[in-house]
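A.B. asks: Please find one structure pasted underneath; my questions will follow.
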Amino acid sequence: MTYIFAHRGSSKDCPENTMAAFQKAFKDGADGIELDVQLSKDGVPVIIHDEKVDRTTNGKGYVVDYTFDELSQLDAGSWFSKKFNKESVPSLQQFLEWITPLPMLLNIELKNNIVEYNGLEENVLQLLQHYGMMDRTVISSFNHYSLVKIRRLNKYVQTAPLYSSGLFEPWEYVKAVCSQSAHPNYKSLQPYIMKGFKRNNIPVRPYTVNSQKWMKYFFEWNTEAIITDYPILARDVLNSLSPHSKSRFLQK
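What follows is the structure, encoded as structure tokens:
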């Protein structure tokens with residue numbers, strides 16, 4: 001079975017990385033949530049994608065220059081639709097309180113490849129441990145040094161390097177950075193690359209898979225998961241495939 005992760009929640013129907021988007025993803029049948037974490041000025045892990053608040057809130061400037069209290073007072077929904085004007089920038093703790101009792105998986109992307117947040121890895125691991133979410137979570141990042149640090153801090157947590165273009169034998173690179181899985185751009189996953197991952201037993205969760213054609217491609221490969229803005233569409237596509245078609249690529 002291929003798991004369906006909602007990219008920043010159901011981000012085509014709700015403002016990304018808000019509780020509204022996460023709650024909608026659960027209703028849409030997503031198996032897991034993908035979200036982005038940075039640190040506020042006062043060291044609180046917060047859920048927001050961009051290093052600046054300009055695009056997704058009514059504020060201006062860098063996330064790192066705001067305390068969590070200041071971030072939580074920003075309007076994080078009206079840019080998407082006026083009906084979401086009550087949405088705010090959530091903390092990771094607030095999110096974990098919501099997801100812990102639900103039967104869902106979690107992918108935390110550490111957004112520290114541009115701004116290097118001191119203590120981000122430790123704070124995230126501490127929260128995951130506190131809420132008992134360690135075994136349901138995979139931590140990813142474009143900052144692969146950060147993933148190695150995560151594994152040194154906790155050898156049991158699962159990590160996955162994010163990358164956007166073709167790597168030579170990426171399954172070997174995954175092992176080199178002490179990770180267990182990979183989160184590549186979906187366009188880099190040609191059949192010979194998929195076969196290499198399969199031979200090496202490396203789970204793959206491509207991002208951001210939004211077209212039905214590519215969804216079907218990865219479902220037929222029995223890929224570990226896809227990360228998509230459209231979890232409800234992905235669920236419909238997956239349900240439409242027969243058991244025979246889901247395993248077609250593996251029979252070659």
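Here the sequence shown is numbered in UniProt numbering, starting from 1 and rising by one per residue. C-beta atoms are modelled at their ideal positions from N, C-alpha and C, and glycine is treated no differently.
1) Which class does I114 belong to by DSSP, given the choice of helix, strand or coil?
2) Excluding the 5 residues flanking N85 on each side, which residues of the same chain have their C-beta closer than 7 Å to its C-beta?
3) Looking only at its chain, what residues have a beta carbon closer than 8 Å to the beta carbon of M104, apart from the 5 residues adjacent to it on each side?
4) Which residue marks the beginning of the beta strand (DSSP E) containing Y3, and which one marks its end?
5) At which residue ranges does the segment 3 to 86 contain complete alpha helix (DSSP H) runs of 4 or more residues, listed in the order of the chain?
6) Three-state secondary structure (DSSP) at L189?
7) Apply the 10 Å Cβ neighbour rule to residue 255 and answer buried if 16 or more other Cβ atoms are within range, or exposed otherwise.
8) Quick one: Cα of N113 to Cα of T208, how far?
9) Sorted by chain position, which residues of the same chain lie with C-beta nearer than 6 Å to G9's C-beta, five sequence neighbours on each side aside?
10) Helix, strand or coil for N107 per DSSP?
C.D. replies: Considering the structure as presented:
1) coil
2) D75, G77, S78
3) F26, A30, D31, G32, I33, R136
4) 3 to 7
5) 19 to 27, 68 to 72
6) coil
7) Since the first residue of the chain shown is 1 and the last is 252, residue 255 is not available in this structure.
8) 19 Å
9) A21, F22, A25
10) strand
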